[in-house]
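Working notes for the structure below.
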Amino acid sequence: MGIVKKQAYKNTIVSYAGMVIAYINTVLLFPRIVGDEGYGFYNLIISVSVLYSLIASMGVPGIISKYFTFYRTEDKRHNNFLHWTAWVGLLGFAGATILYVVFKPVISSAYVKNSPLFIRYYYYMIPMALFVIAFNFLEMMGRVIYKNIFSNILQNVVLRLLTTLLLIMIALKWISFNDFVFLYIGANGLISLLLLISLILSGQFSHRLSDQKVDRVQKKEILNFGLYTLTASVIYVLLQKIDTLMLSSMAGDAVQGVYSWYFNIAIVISVPAQALSRTTYTIVADSWRAKNMANISEVYSKTSLIQMLVGCLLFVGIFINKENLFAIAHNKQFTDPQYFTLFIVIGIGFLVDITGGLNSYIISTSHKYRLNTMFAVIATVLCVGLDYWLIPIYKGLGAAIAYLASITMFNFCTWFYIKYRFKMQPFTYKHLVVIIIAAISFVAGKYFWRMPNLFLDIAVRSLFTATIYGLLTYYFNISKDVNDKVDSYLNKVLKLIK
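Per my numbering, the very first residue in the sequence shown carries number 59; after that it's consecutive.
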């Protein structure tokens with residue numbers, strides 16, 4: 059766990075810095091500057107480009123993660139493996155783009171009534187998807203050599219700061235919303251370029267071709283794996299994005315904008331899981347190669363508990379600051395109290411997902427990776443069916459319920475299979491203790507007296523709640539890794555005092 063700890067702590071710091079910027083954008087700037095319809099379309103851009111790029115990538119990031127270790131060489135040419143995967147990705151993008159253009163009438167028909175902005179900017183999705191593909195490819199190249207911090211900075215800090223700058227420029231009337239869309243796509247291209255430069259400077263990859271190549275038999279096996287993981291990834295992303303796509307189509311960008319606002323507030327709960335996954339995915343893949351089941355089991359258990367521990371704290375922290383959140387947003391389109399149920403339902407969905415730990419990673423990097431696709435299909439069919447049923451009745455809340463039900467189904471299926479097939483499961487009595495600690499902390503934070511100043515109230519209320527949460531976590535020794543880290547800091551402080 060040494061590498062995991064070192065990089066996970068750094069990635070967590072970067073992710074939280076990005077979270078602060080994202081919250082400024084989401085809570086403070088977007089509601090005031092572009093409103094619910096503009097914010098809804100912004101999220102639709104992201105959803106469409108992510109899905110488009112994922113389909114076009116041909117599963118290349120997953121291929122690199124699983125197979126790079128077999129082609130790694132000291133001469134940094136890596137048997138032309140990365141050159142070959144880059145060509146696969148480019149061919150996939152070309153094919154997907156042809157289909158995207160040909161099927162424009164069919165795709166547009168679903169959005170022409172409720173999302174006219176999507177029709178207007180339809181072709182903007184093509185360069186956006188290309189930049190997303192490039193970044194994902196380069197990010198995975200960094201992950202497999204355990205250099206993933208810079209990509210995290212670019213994606214979670216630099217891109218969000220650029221978004222902040224663009225929103226301020228709209229507010230100052232220096233640019234229009236049309237300019238914002240164009241420049242936001244350009245910002246995605248910029249971070250891809252910066253990541254490419256950093257990998258070149260790392261000296262871990264050579265542009266020169268090797269005499270050794272990926273043979274035809276290996277290519278077939280690798281492409282089969284890529285197609286399976288592609289299907290699973292597309293379906294898993296659909297679990298995350300289908301609500302946005304269907305809400306814009308069935309209820310309009312304004313309804314989707316409100317839903318996405320609460321979704322993006324709740325997504326902070328998954329930040330610790332995102333930080334850990336940048337390293338643990340590769341650790342699990344290497345452990346499968348070494349047939350080190352004990353290491354997989356250890357990482358599985360620890361990540362599940364730590365992710366739940368931090369996720370529950372974040373969930374409670376947002377919940378107790380509900381009124382403060384509404385006051386900051388200062389936009390009645392978003393802050394009707396009845397809409398806060400969206401956060402509760404979506405937030406529980408994120409807690410279920412991160413508490414599952416490495417469920418899908420363990421299966422996707424094993425020889426049983428095809429099952430991930432099957433489980434994802436089951437969950438997606440459930441999600442789409444519930445969306446069609448519930449969105450016309452409950453609008454955004456219907457989509458939230460569908461998301462919670464489908465993500466719970468997916469995690470249950472993967473957890474049950476790992477427990478049955480590999481005799482591993484991450485849950486202990488400590489998970490139940492975390493829930494009790496979260497409940498106690500919530501009550502303490504909610505009924506803490508209110509400060510006269512908005513930001514002072516956020517700081518004091520959050521600090522008080524976090525202190526209770528932290529003390530109870532330490533007292534019950536929920537995580538040995540966390541307690542060891544706290545003890546280490548306390549010893550350093552005591553030495554300084556002495």
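By construction, the Cβ of each residue, glycine as well, lies at the ideal position given by its N, Cα and C atoms.
In chain order, what residues of the same chain lie with their CB nearer than 8 Å to the CB of residue i, ignoring the 5 residues before and after it?
{"i": "residue 292", "result": "109, 112 and 113"}
{"i": "residue 68", "result": "207"}
{"i": "residue 397", "result": "316, 320 and 454"}
{"i": "residue 323", "result": "81, 84, 85, 376, 383 and 401"}
{"i": "residue 399", "result": "455 and 458"}
{"i": "residue 496", "result": "370, 371, 373, 374 and 527"}
{"i": "residue 253", "result": "193, 196, 197, 200, 208, 209 and 212"}
{"i": "residue 444", "result": "456, 459, 460, 463 and 464"}
{"i": "residue 185", "result": "243 and 247"}
{"i": "residue 297", "result": "434, 437, 438, 441, 461, 464, 465 and 468"}
Out of the options, point me to the one whose CA is closest to residue i's CA.
{"i": "residue 306", "options": "453, 388 and 227", "result": "453"}
{"i": "residue 498", "options": "524, 510 and 311", "result": "524"}
{"i": "residue 422", "options": "353, 346, 445 and 408", "result": "346"}
{"i": "residue 77", "options": "211, 145 and 194", "result": "211"}
{"i": "residue 90", "options": "229, 250, 284 and 420", "result": "229"}
{"i": "residue 280", "options": "167, 142, 224 and 372", "result": "142"}
{"i": "residue 426", "options": "107, 312, 475 and 541", "result": "475"}
{"i": "residue 460", "options": "353, 522, 300 and 533", "result": "300"}
{"i": "residue 530", "options": "494, 464, 517 and 542", "result": "494"}
{"i": "residue 473", "options": "105, 434, 442 and 79", "result": "434"}
{"i": "residue 436", "options": "160, 471 and 394", "result": "471"}
{"i": "residue 350", "options": "424, 182, 304 and 297", "result": "424"}
{"i": "residue 240", "options": "255, 224 and 140", "result": "224"}
{"i": "residue 428", "options": "117, 259, 218 and 287", "result": "287"}
{"i": "residue 557", "options": "541, 276, 151 and 479", "result": "Outside the shown range of the chain, which is 59 to 556, sits residue 557, and nothing can be said about it."}
{"i": "residue 416", "options": "357, 442 and 441", "result": "357"}
{"i": "residue 486", "options": "145, 532, 360 and 368", "result": "360"}
At a cut-off of 7 Å, would you count residue i as near the ligand FMN, judging by its Cβ distance to the nearest heavy atom?
{"i": "residue 289", "result": "No copy of the ligand FMN occurs in the structure displayed, which carries no ligand at all."}
For residue i, which residues of its own chain have a beta-carbon under 6 Å away from its beta-carbon, when the five flanking residues on both sides are left out?
{"i": "residue 221", "result": "83"}
{"i": "residue 101", "result": "302 and 318"}
{"i": "residue 456", "result": "448 and 449"}
{"i": "residue 501", "result": "none"}
{"i": "residue 310", "result": "172"}
{"i": "residue 419", "result": "339 and 342"}
{"i": "residue 189", "result": "246, 247 and 250"}
{"i": "residue 308", "result": "449"}
{"i": "residue 97", "result": "88 and 315"}
{"i": "residue 227", "result": "233"}
{"i": "residue 548", "result": "none"}
{"i": "residue 99", "result": "175 and 311"}
{"i": "residue 74", "result": "none"}
{"i": "residue 517", "result": "none"}
{"i": "residue 506", "result": "519 and 522"}
Given residue i, which residues of its chain have a CB within under 7 Å of its CB, disregarding the five upstream and five downstream residues?
{"i": "residue 257", "result": "196, 199, 200 and 263"}
{"i": "residue 169", "result": "176, 177, 306 and 307"}
{"i": "residue 558", "result": "Here the chain has residues from 59 to 556 only, and residue 558 is not among them."}
{"i": "residue 162", "result": "180"}
{"i": "residue 410", "result": "465, 466 and 469"}
{"i": "residue 289", "result": "431"}
{"i": "residue 95", "result": "311, 312 and 315"}
{"i": "residue 219", "result": "79"}
{"i": "residue 166", "result": "177 and 180"}
Strictly under 8 Å for the Cβ-Cβ distance: is residue i near chain C by that measure?
{"i": "residue 307", "result": "Absence of chain C from the displayed structure is noted, only one protein chain being present."}
*asked:* Measuring CB atoms only, is the region 386–397 touching the region 443–450, in the sense that at least three cross pairs come out at less than 8 Å?
replied: no
_Sequence ranges, alpha helix (DSSP H) only - wholly within the region 321–409, length at least 4_ = 329–347, 351–378 and 380–387
*Is it true that the region 190–202 meets the region 223–235, where meeting means three or more beta-carbon pairs spaced less than 8 Å apart?*
Contact between the region 190–202 and the region 223–235 is not established, with fewer than three Cβ pairs separated by less than 8 Å.
_Length at least 3, wholly inside the region 433–469: the beta strand (DSSP E) runs in chain order_ = none
*Any chance the region 513–521 sits against the region 374–387, with 3 or more Cβ pairs inside 8 Å?*
yes
_Stretch-stretch touch, CB-based, cutoff 8 Å, three pairs: the region 527–541 with the region 355–368_ = Flag = yes, the region 527–541 and the region 355–368 touch.
*Three or more C-beta pairs below 8 Å linking the region 321–328 and the region 396–413*: By the C-beta criterion, the region 321–328 is judged to be in contact with the region 396–413, since at least 3 inter-stretch pairs fall below 8 Å.
_Continuous alpha helix (DSSP H) assignments of at least 4 residues falling wholly in the region 473–546_ = 487–504 and 512–533
_alpha helix (DSSP H) segments (min. 4 residues) lying fully within the region 108–195_ = 118–129, 139–160, 162–167 and 174–178
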